[in-house]
Amino acid sequence: MSENIHGFIYEKDTDGIVTVTMDMDGPVNAMNSQYRDAMQNTVAKLETETDLTGVVLASAKSTFFAGGDLRELSSVAKGQEEQQFRMIDDDIKAPLRRLEKLGVPVVAAINGAALGGGLEICLACHYRLALNTPKVLIGLPEVTLGLLPGGGGVVRSIHMLGLEKALPLLLEGTRLNAAKALEVGYVDALVDDADALITSAKAWIKDHPSACTQPWDRKGHTIPGGNASNPAVRNLLSVAPAMTLKKTRGLLPAPERILAVAGDTMSVDFDTALRIESRGLAFLITTPAAKNIITAGFFQMNSVNGGAARPKDVEPGKVKKVGILGAGMMGQGIAFSSAMAGIEVVLKDLSLDAAEQGKAYTARLLDKQIQRGRKTEDDKNTVLGLIKATDSYTDLKGCDLIIEAVFENIELKNNVTKEAEGYLTENGVYGSNTSTLPISQLAEASAKPENFIGIHFFSPVDKMPLVEIICGDKTSDTTLARAFDYARQIRKTAIVVNDSLGFFTSRVFGTYLDEGARLLTEGHDPVLIDAMGKQVGMPVGPLTVQDEVSQELTRKAAATHRDMGVLGSNSDCAVNIDLCETMVSQFGRGGRYHGGGYYEYAEDGSKTVWPKLYELYYNANASVPHQDMKERLLFRQVIESLKCLQEGVLRSVAEGNVGSLLGIGAPAWTGGFLQFVNTYEHHQDTGPAAFVARAKELAERYGDRFTPPAIAVEKASAGDRFQ
Amino acid sequence: MPHTAYIFDALRTPRSKGKADGSLHEVKPVALGAGLLNALQQRHDLDTRRVDDVVMGCVSPTGEQGGDVAKSIVQFAGWDESVPGVQLDRFCASGLEAVNIAAMKIASGWEDLVVAGGIESMSRVPMGSSGGAWLYDPEVALHDSIVPQGIGADTIATLEGWSREDVDSFALASQQRAAHAQAQGYFDRSVVPVKDLNGVTILEKDDFIKPNTTLDILGQLRPSFEAMGKLGFDDMMLRKYPQLPAIHHVHTPGNSSGIVDGSSAVLIGSEQAGKDLNLTPRARIVATAVLSTEPTIMLTGPGPAARKALTKAGMTTADIDLFEINEAFASVGLRFMRDLDISHEVTNVNGGAIAMGHPLGATGAMLISTVLDELERRNQKRALIALCVGGGMGIATIIERV
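Chain order of the listed sequences is A and B.
Numbering (full-length UniProt numbering) for the first sequence: 1 to 723.
Numbering (full-length UniProt numbering) for the second sequence: 1 to 402.
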């Protein structure tokens with residue numbers, strides 16, 4: 001006889017063991033209002049049982065339990081902290097506390113992923129049994145969403161594992177497979193056979209009828225490794241803030257709050273610590289960082305990866321053989337990523353030697369992975385076996401995709417297009433990995449411009465997760481769908497943008513470099529300028545990154561654009577272009593790999609400012625508040641992104657956010673350069689109105705380039721957000 | 001004195017049981033103190049750059065309450081980085097000592113605006129955590145005949161002939177007066193609710209008071225110090241008081257001060273600072289005194305300290321409208337009234353530490369706010385505050401409304 005309690009199937013057997021099988025509405029079990037009803041009523045019913053001997057908590061879904069309801073969480077507005085705190089403390093925590101104090105053994109039978117709230121439920125059980133399958137993932141990834149595990153995850157992890165073991169798991173949101181979870185101690189035993197999971201759980205209950213007290217409820221319990229009075233714990237608590245800040249730069253409230261809750265947990269009793277944890281989660285839920293990270297990093301990322309931009313009526317397809325033209329840095333990276341996905345690769349360069357060198361790159365990367373124990377010699381041979389290095393176009397025969405990655409020169413690219421495209425299969429796709437040249441113009445050299453598309457990779461290709469797909473004016477839906485499917489096939493996230501100078505990512509990135517150049521020529525200290533870029537959350541300061549990109553490349557791209565008559569046609573980066581020109585032509589400072597740029601580089605990789613730079617530009621009287629410097633560097637990119645949306649270069653807000661996060665290095669806390677506007681706070685105001693007001697201030701102080709684009713002004717006056 | 005030390009305001013947190021199940025256990029000492037400083041700053045729109053020093057008493061300055069906790073509190077409150085802070089320890093007098101030191105800083109003219117108060121999270125940093133030679137060095141304890149304070153309190157009652165009912169009656173009055181005062185809102189001006197990082201109230205009012213207690217209930221509690229006395233401490237005491245045949249152990253948890261968490265802050269400054277910052281003086285500090293008496297009985301200092309302060313002020317008890325004696329133990333209050341020959345009618349009129357608890361380092365400055373509010377409510381002029389102190393010390397402060 002079973003009963004359905006708000007999606008929890010409650011079934012008592014003749015031995016007095018109740019199996020609660022979670023089978024909530026929707027595809028997964030989640031910590032939403034249905035769950036809260038289900039768990040509270042289930043626990044209440046268990047408490048009234050008279051001959052209860054144990055409880056097994058199981059799932060009817062392929063995942064055990066999926067964690068918090070992010071939609072619900074991300075809709076919580078500022079000011080609702082108290083209501084959230086009560087909900088977390090009374091409706092989520094209290095029932096779990098009652099569950100672990102039922103007086104009978106409670107066993108979690110983990111058949112699939114138990115992440116976040118899912119693991120927190122398991123931690124409130126006395127024993128955790130997991131199926132030994134790759135489906136099982138265990139961990140508390142809340143921090144990666146700007147949150148903390150508020151269902152007891154912080155406190156129970158610490159009381160189970162000790163601070164030293166728990167802290168990295170909590171701060172990094174590590175997801176563990178079943179074996180690793182067993183090793184860490186989150187799981188007590190593994191079961192190989194899915195059908196034996198429940199019976200094993202019941203058997204354990206029968207063998208351990210009195211195992212119904214959690215360690216933290218036992219008399220004399222101490223946290224493994226000691227509490228705040230233990231010298232080793234004290235050491236950890238004193239260095240953890242610095243180690244955390246080194247990673248977050250003070251921009252992410254979640255790790256800081258986790259650390260604070262962990263610190264308090266070491267000084268107070270278990271129940272008090274749980275309450276402090278609830279307050280911490282209530283706090284984080286309404287922070288802009290959490291909203292931004294959940295919106296862009298989760299929902300929009302899922303929608304982009306789910307193919308929102310892919311034409312729906314084209315059948316999915318897979319690339320079998322890809323031809324790559326040019327075995328330079330980009331070509332060899334594309335070859336690696338493609339071969340790793342099992343695609344046959346033809347890597348062509350002018351000479352066989354150059355092509356072989358490109359192939360050797362894949363061998364080197366795999367050697368590294370073999371050293372780390374992630375790959376075997378066999379894997380390496382298989383992957384290398386897929387790559388054919390050649391100097392002959394004829395080897396391209398039978399490719400269903402060709403990606404051109406030769407120098408950024410229109411004439412060269414046109415020649416290559418004409419030489420290569422004939423070898424494509426019927427309706428094969430020809431992609432150009434250009435970052436600076438207009439796709440529609442390149443497509444003019446093609447006999448089939450409808451099959452021509454931009455496939456813009458980022459360097460280093462093996463590490464950078466983004467591909468920017470650019471549609472020319474004649475690119476067909478089928479071609480777009482093929483390019484998109486290929487990107488997914490090689491496990492990249494793809495955004496689709498319309499053709500425009502610099503597309504989306506390079507265009508926006510250019511403004512970051514330009515604002516850095518402006519700050520430099522205004523007389524600010526280069527060290528300070530780069531520090532401000534990092535303090536606002538960019539991976540590298542604008543001057544350092546210009547050195548990496550190379551002043552030489554910026555100058556060349558500008559020259560090409562000048563020749564084409566399109567220089568500065570959509571954004572004004574004149575200051576940076578002039579500066580790069582000066583640096584290269586007058587001082588031979590072409591960039592890091594051209595002997596040095598704004599910085600001089602030592603053998604050991606350390607760098608110091610090129611002294612002449614101070615002589616040329618430094619002005620001790622130049623003074624701009626640090627906050628303004630940081631916001632200038634950020635706002636330039638945000639405004640450029642808004643313009644891209646306004647002009648239709650960006651086809652969706654989601655792609656703008658995901659693209660800026662993965663391709664430009666938009667700070668995680670912003671949720672991307674468009675989402676940033678939605679939660680921007682200024683003078684008691686929040687959202688586009690606040691952004692517009694601040695942009696106007698910056699425009700007044702520093703120039704028209706900060707004038708908010710019409711699309712932002714419209715959103716502000718409509719009280720709307722970028723969605 | 002070249003300068004008058006004015007009291008511009010006096011605030012305190014509510015108090016709660018100083019154990020894991022107390023309402024304030026979840027609030028770390030630094031946060032408890034910082035919340036109060038924030039309230040002080042907001043209430044007066046205080047330009048914190050003008051604060052010369054923050055002096056805070058703390059009796060267990062170790063662990064998360066250690067390392068000059070006053071400075072940590074100032075920073076955690078987000079006060080201007082120019083504001084220093086110092087923690088001091090004169091045992092149970094620490095909070096009032098902070099007030100007196102602040103008054104001296106102002107009176108000397110060497111500083112203009114000082115915050116004085118205290119912090120004690122007894123639930124998180126238990127009494128005795130910071131150790132001390134007087135507690136844990138046998139040679140020192142033998143040298144000075146150190147006995148647990150409760151035995152000193154029991155000795156005072158024995159010497160004076162006060163029965164269990166006498167001390168319980170004093171305790172009952174404390175509970176009834178505190179309950180009445182709280183119900184009437186007499187504490188509302190100075191008690192600042194404790195909030196969490198979300199601004200959600202954790203504790204609004206003192207929740208240690210037991211308004212429904214009776215002499216009967218109090219009478220059923222077992223004496224706290226009998227067992228310790230039997231171990232040998234009674235004999236140690238009797239060597240000093242050979243006229244007594246035995247110590248009567250009359251003190252229980254019901255007629256001793258409660259172990260609680262709490263914090264206090266008093267804003268003290270010069271006339272000029274008040275003018276500059278638009279602060280209205282509520283009272284001035286007339287005189288302060290500290291001294292020491294017989295260390296084994298330990299708790300007889302308040303009366304002599306009060307006398308010393310009165311002499312300094314050129315006053316007698318007749319000039320004082322209200323008295324506050326910290327109710328460390330009921331016999332301390334009774335002894336203080338007897339020493340000064342004053343009535344319970346003008347002493348601890350709104351109850352004391354027996355009802356509300358004694359957060360060691362914070363209490364002294366809490367008493368300033370309690371009695372100042374009451375002087376204003378009654379439209380009276382002067383009050384004298386006194387506490388007994390470890391080591392036999394006593395402390396007193398006289399304030400006068402302006």
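In this text, a Cβ means the ideal position worked out from N, Cα and C, and glycines have one as well.
Residue i - DSSP class collapsed to helix/strand/coil
{"i": "ALA289 (chain B)", "result": "strand"}
{"i": "ASN409 (chain A)", "result": "coil"}
{"i": "SER585 (chain A)", "result": "helix"}
{"i": "ASN415 (chain A)", "result": "helix"}
{"i": "THR376 (chain A)", "result": "coil"}
{"i": "ILE342 (chain B)", "result": "coil"}
{"i": "LYS219 (chain A)", "result": "coil"}
{"i": "CYS58 (chain B)", "result": "coil"}
{"i": "GLY596 (chain A)", "result": "strand"}
{"i": "VAL653 (chain A)", "result": "helix"}
{"i": "MET356 (chain B)", "result": "helix"}
{"i": "residue 729 (chain A)", "result": "For residue 729 (chain A) there is no data in the structure shown, the boundaries of chain A being 1 and 723."}
{"i": "ASN305 (chain A)", "result": "helix"}
{"i": "GLU26 (chain B)", "result": "coil"}
{"i": "GLN87 (chain B)", "result": "strand"}
Chain B contact residues for residue i, given Cβ-Cβ distances below 8 Å
{"i": "residue 731 (chain A)", "result": "Nothing can be reported for residue 731 (chain A), as the shown portion of chain A is limited to 1 through 723."}
{"i": "GLU81 (chain A)", "result": "ASN198, GLY199 and VAL200"}
6 Å CB neighbourhood of residue i in its chain, flanking five on each side removed
{"i": "ILE5 (chain A)", "result": "ALA38, ASN41 and THR42"}
{"i": "SER432 (chain A)", "result": "GLU404, LEU442 and GLY454"}
{"i": "LYS45 (chain A)", "result": "none"}
{"i": "GLY33 (chain B)", "result": "ILE73, ILE119 and SER263"}
{"i": "PHE329 (chain B)", "result": "ALA153, HIS251 and SER256"}
{"i": "LEU237 (chain A)", "result": "GLY263"}
{"i": "ARG98 (chain A)", "result": "VAL43"}
{"i": "LYS78 (chain A)", "result": "THR286"}
{"i": "GLY416 (chain A)", "result": "The question names Gly, yet the displayed sequence has Val at residue 416 (chain A). If we look at VAL416 (chain A) and ignore the five residues flanking it on each side, its Cβ neighbours are LEU325, GLU404 and VAL406."}
Spatial neighbours of residue i in its chain, beta-carbon cut-off 7 Å, leaving aside the 5 residues before and after
{"i": "THR48 (chain A)", "result": "none"}
{"i": "ARG491 (chain A)", "result": "ALA341"}
{"i": "GLU271 (chain B)", "result": "THR4 and TYR6"}
{"i": "GLY95 (chain B)", "result": "GLY57, GLY117, GLY118, SER264, GLY361, ALA362, THR363, GLY364, ALA365 and MET366"}
{"i": "PRO141 (chain A)", "result": "LEU115, GLY116, GLY173 and ARG175"}
{"i": "ALA689 (chain A)", "result": "ALA716"}
{"i": "ILE198 (chain A)", "result": "THR19, VAL56, ALA58 and ALA109"}
{"i": "PRO148 (chain B)", "result": "PHE225, MET228 and PHE233"}
{"i": "VAL319 (chain A)", "result": "ILE343, ASP400, LEU401, TYR486 and GLN489"}
{"i": "SER278 (chain A)", "result": "PHE85, ILE88, ASP89, LYS93 and GLY150"}
Per-residue contacts from residue i into chain A (C-beta, under 7 Å)
{"i": "GLU26 (chain B)", "result": "VAL268, THR272, ARG275 and ILE276"}
Beta-carbon separation (whole angstroms), residue i vs residue j, contact threshold 8 Å
{"i": "VAL402 (chain B)", "j": "ILE395 (chain B)", "result": "Contact doesn't hold; Cβ gap of about 23 Å is too wide."}
Interface partners of residue i on chain B, CB under 7 Å
{"i": "ASP264 (chain A)", "result": "LYS28"}
9 Å Cβ cut-off: residues of chain A touching residue i
{"i": "ALA77 (chain B)", "result": "Neighbours of ALA77 (chain B) on chain A: none; closest Cβ ~16 Å, over 9 Å."}
Same chain, Cβ closer than 8 Å to residue i, five either side skipped, listed in chain order
{"i": "LEU698 (chain A)", "result": "ASP628, GLU631, ARG632, PHE635 and PHE706"}
Select from the region 668-685 of chain A all residues with a C-beta closer than 9 Å to any C-beta belonging to chain B, and list them in chain order. The residues in question: there are none.
Please name the residues in the region 182-204 of chain B whose beta-carbon is closer than 8 Å to at least one beta-carbon of chain A, in chain order. Taking 8 Å as the Cβ-Cβ cut-off against chain A, the residues of the region 182-204 of chain B that qualify are ASP196, LEU197, ASN198, GLY199 and VAL200.
Relative to chain A, which residues along the region 109-129 of chain B have a C-beta separation below 7 Å, given in chain order? The region 109-129 of chain B vs chain A, Cβ under 7 Å: ARG124.
Please name the residues in the region 279-302 of chain A whose beta-carbon is closer than 7 Å to at least one beta-carbon of chain B, in chain order. Residues passing the 7 Å Cβ filter: ARG279, ALA282 and PHE283.
Contact residues within the region 20-54 of chain B, judged by C-beta distance below 7 Å to chain A: Those residues of the region 20-54 of chain B that come within reach of chain A (Cβ to Cβ, closer than 7 Å) are ALA20, HIS25, GLU26 and LYS28.
Looking at chain B, which residues of the region 65-79 of chain A have a Cβ within less than 7 Å of any of its Cβ atoms? Taking 7 Å as the Cβ-Cβ cut-off against chain B, none of the residues of the region 65-79 of chain A qualify.
Give me the subset of the region 84-114 of chain A whose CB atoms are less than 7 Å from a CB atom of chain B, sorted by chain position. Of all residues in the region 84-114 of chain A, only PHE85 come within less than 7 Å of chain B when Cβ atoms are compared, listed by chain position.
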